[in-house]
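Numbering (this note's numbering), first residue to last: 258 to 379. C-beta: ideal position from N, C-alpha, C; glycine also. Inspection log for the structure reproduced underneath, given as structure tokens.
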Amino acid sequence: KRGGLPEKMQELLNMIAATLAFNEITPAQGFAIFDRDGDTRLSYDDLLHSILEMQMPIALSHPDANALHCVLDADRTGFVTEPQWIRAIVAANPESVFVDMRAAAEEDRRTEDVQEKKRLNL
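Quick look at the structure:
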């Protein structure tokens, strides 16, 4: 656990926040996008289908999505409100995702360099 949340939930929130930030979408705009049926609250289905559509590079099971919904639904109404969503997204750490992605890209580049040198017998 980091910051009081299970690690997987924190990773999901960080990934959502990073995706929004990368696309220059504010947390409020993100809420409107995730609110698929436009009822001004996020149901489990809203959250699950929006995350799946984002095709984030993280494995997501239905139990994970349910756990994230429960974490966000602090007052246990069955729905996530816009203020709850915004608090969670603002508290997330999107930079950690970008750092991880840069490190993975650098590792991929190094691997490709080694493979190319082997191919050229250097």
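- request: Look at the alpha carbon of Q341 and the alpha carbon of L329, and state the distance between them as a whole number of angstroms.
  value: 6 Å
message: Looking at the secondary structure, which residues open and close the alpha helix (DSSP H) in which G287 lies?
response: 284–291
query: So is N287 buried or exposed if we call it buried at 16+ other beta carbons inside 10 Å?
result: Asn is not the amino acid found at residue 287; the sequence shown has Gly there. Buried is the call here.
- prompt: Buried or exposed: which applies to L325, given that a residue is buried once 16 or more other Cβ atoms fall within 10 Å of its Cβ?
  reply: Buried is the label assigned to L325, since at least 16 other Cβ atoms lie within 10 Å of its Cβ.
message: In the DSSP assignment, the alpha helix (DSSP H) including L262 goes from what residue to what residue?
response: Taken as a continuous stretch (DSSP letters only), L262 belongs to no alpha helix (DSSP H), as it is neither H nor E.
query: L377 by DSSP, collapsed to three states: which one?
result: coil
query: Alpha carbon to alpha carbon, what distance is there between A322 and L309?
result: 10 Å
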